[in-house]
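A short worksheet on the structure shown next.
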Amino acid sequence: MKKSLPMLVLAGAFYAGAGHAEDAVNGGEAVITYQNDVATLDPAIGYDWQNWSMIKSLFDGLMDYQPGTTDLVTDLAESYGVSDDGKVYTFKLRQGVKFHNGREMTADDVKYSLERTVNPKTQSPGAGFFSSIVGYDEMAAGKAEHLGGIEVPDASTVKITLKEPNATFLHVMALNFASVVPKEAVEQWGADFGKHPVGTGAFELGGWKLGQELIFKKNPHYFKAGLPHMDSIRFEVGQDPSVALLRLEKGEVDIAGDGVPPARFLQFKQDPKYRGMLVTGDQLQTGYVTMKTTLPPFDKLAVRQAVNMAINKDRIVRIINGRAAPANQPLPPAMPGYDKDYQGYGYDVAKARQLLKDAGLPDGFSTELYVMNTDPQPRIAQSIQQDLAQVGIKVSIKSLAQANVIAAGGSADQAPMVWSGGMAWIADFPDPSNFYGPILGCAGAVEGGWNWARYCNKALDEAAVKADSMAKPEQQQERLAMWRKIFTDVMKDAPWVPVFNEKRFTVRSARMGGDDALYVDPVHVPVNYDAIWIKAPAK
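Structure representation (structure tokens):
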């Protein structure tokens, strides 16, 4: 769209609150342990829970979130405007922001970075998030070198045109995949840019000994006043979680990145000497059982409803030592659009048997349940197996490596049931749309897709498209109400058994300061390193 449109200018909120607490202390080095090494720190490539917040500390994008919350704020953008038709976003950039190499960041860098992520040669797992931008299809197909929908009127302005209004677009601009990188550094290091990252973030990479440690150093020129608080972070990798916990107890480690091993969880949680060291929070996650709606007998609604009523979720939560809360709908409670009044299908063995009888299966049936072969997933599958046996459903458990379960789930004629544990959906961004399209929408109900139930309700797909076209701020309450109805309507069709919403647990030493929410940050997963600090030693 070439003509100029009237703009609603919105000056975004900036960082405040948790990261600027009055008692924050500056200085010091924190030691954080992980069992596994870090694969990459390239924001266009990294896509796992361990490197997600590391990347967020090295890079910035146009948008971000208030620390410890799901509230959008501006980041590299000082303000933004949205056209009356909801298709054109104009971002005004902050002045004087510099990359770690000393060069000032400009609008050309924003355009380059977004196009780099979409470019098929980059092989970014996040490329599809930008499909709403004009020119995406051509560039993704290798037919264009640039995104036609991104314009740079001047060095401090970026104009992005979408195919249609999209209420999730600002969330996409807050993803790591939208981080701004300097072209010269990418070209210098090529495929090794992920080992030599250069961004505008609160920290810069000070050193990396593969298989041993990574050192993050404070960016002295960071544009967010007062952040970060710590001078440096040492990430020690190759650390057994049990050993890491012992070292934390001795004061040698500040955050045990892999948490408390399951065998020690209850003892650690209940021991008074560890009080205050275990931080608990919600995460945007749901663990669920899928039923392939295209395979008999799961093509019958009554059968799927019976399975929902036959599974004892409270017992499953006990198996994992109470590290989750029972679920009754696809959305987790921390997600906007969650329906707190919805009751779902209660645990009712008698009703489940009656539903099977109504479906013409009074003696039950035999089926298979696919599960990842890592503890505690097989034990959870056995609990489900025992529950379903009570209503006459004889379940054979297929315990396989994660990749094999995912492949079977995405196949049309395999995996009639899948327990998603270990692979359960964690939101990429805090919007209900992200919990629908890939795992419940018709687009995901394809060979190799993540909609393992093969559930496709075209009327709900249309409602989802309508909801996401409501991009204006004054439409958001109505939009969330639409999403609430979409997910409760999904449950009327019962393609899933939502089982539980896992809690987040982070273990920190007594010398670490900052609001608890920063240690179980819903977006800077797992920890918001920028906003935490080391307490001053006691006098």
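If you count the sequence shown from 1, you need to add 217 to reach our numbering.
Every residue gets a Cβ at the ideal spot worked out from N, C-alpha and C, and that includes glycine.
| Asked | Found |
| --- | --- |
| From R464, G554 and R728, pick the residue whose C-alpha is nearest to that of A684; which is it? | G554 |
| Which same chain residues end up closer than 6 Å to R671 when comparing Cβ atoms and leaving out the 5 residues on each side of it in sequence? | K509, T510, T511 and A662 |
| Output yes or no for whether 9 Å exceeds the beta carbon distance between S396 and P260. | yes |
| Please report the distance separating the alpha-carbon of L578 from that of A629. | 23 Å |
| Please tell me whether P399 and F316 are closer than 9 Å, where the distance is taken between their beta carbons. | yes |
| Compare the beta carbon distance of F347 and T339 with 9 Å and say whether it is the shorter of the two. | no |
| Ignoring anything shorter than 4 residues, give me the alpha helix (DSSP H) runs that lie fully in the region 295-331, in order along the chain. | none |
| If we require 3 or more residues per run, which beta strand (DSSP E) segments fall completely within the region 359-413? | 367-371 and 374-378 |
| Just checking my contact of V351 with L379 at CB under 8 Å: how many whole Å lie between their CB atoms? | 7 Å |
| Pull up the distance between the alpha-carbon of R701 and that of K517, whole angstroms please. | 24 Å |
| Below 8 Å, can you find three or more Cβ-Cβ pairs linking the region 475-494 to the region 686-704? | no |
| Give me the Cβ distance between A419 and D747, rounded to the nearest whole Å; I'm assuming they're in contact under 8 Å. | 4 Å |
| Is F646 close to the ligand NAP? I mean its beta-carbon at under 8 Å from any heavy atom of the ligand. | The ligand NAP is not part of this structure, which contains no ligands at all. |
| Here's a check: name, in chain order, each residue in its chain whose Cβ is nearer than 6 Å to the Cβ of T651, leaving out the five neighbours to either side. | Note that residue 651 is Asn in the sequence shown here, rather than Thr. The residues are A644 and D645. |
| Whose C-alpha, out of N318, S459 and V744, is nearest the C-alpha of V403? | N318 |
| Taking 8 Å as the limit between beta carbons, can you name the residues of its chain near V242, skipping five residues before and five after? | H446, G730, W750, I751, K752 and A753 |
| Compute the Euclidean distance between the alpha carbons of E321 and L735, then round it to the nearest angstrom. | 29 Å |
| Could you tell me if N253 is buried or exposed, where buried requires 16 or more neighbouring beta carbons within 10 angstroms of its beta carbon? | exposed |
| Return helix, strand or coil for W700, following the three-state DSSP convention. | helix |
| Can you check DSSP and say which residues form a bridge with E430? | K426 and E453 |
| What three-state label does DSSP hand N525 in the structure shown? | helix |
| Just reading off the alpha helix (DSSP H) that I623 is part of, what are its end residues? | Q619 to G626 |
| What does the alpha-carbon distance come out to for the pair A681 and Y329? | 31 Å |
| What residues match up with K720 in a beta bridge as DSSP calls it? | D499 |
| Mind pulling the alpha helix (DSSP H) runs of 4 or more residues that sit fully within the region 507-587? | 518-527, 530-536 and 566-575 |
| Quick one: what does DSSP say W266 is sitting in, helix, strand or coil? | helix |
| Just the C-alpha distance for A344 and A391, rounded to the nearest angstrom, thanks. | 14 Å |
| In the DSSP assignment, find the alpha helix (DSSP H) that holds Y353 and state where it starts and stops. | Y353 to A357 |
| My output table needs one value for K752: the three-state DSSP class, helix, strand or coil. | coil |
| By Cβ distance, which residues of its chain are closer than 6 Å to L605, with the 5 residues on each side in sequence left out? | A527 and V612 |
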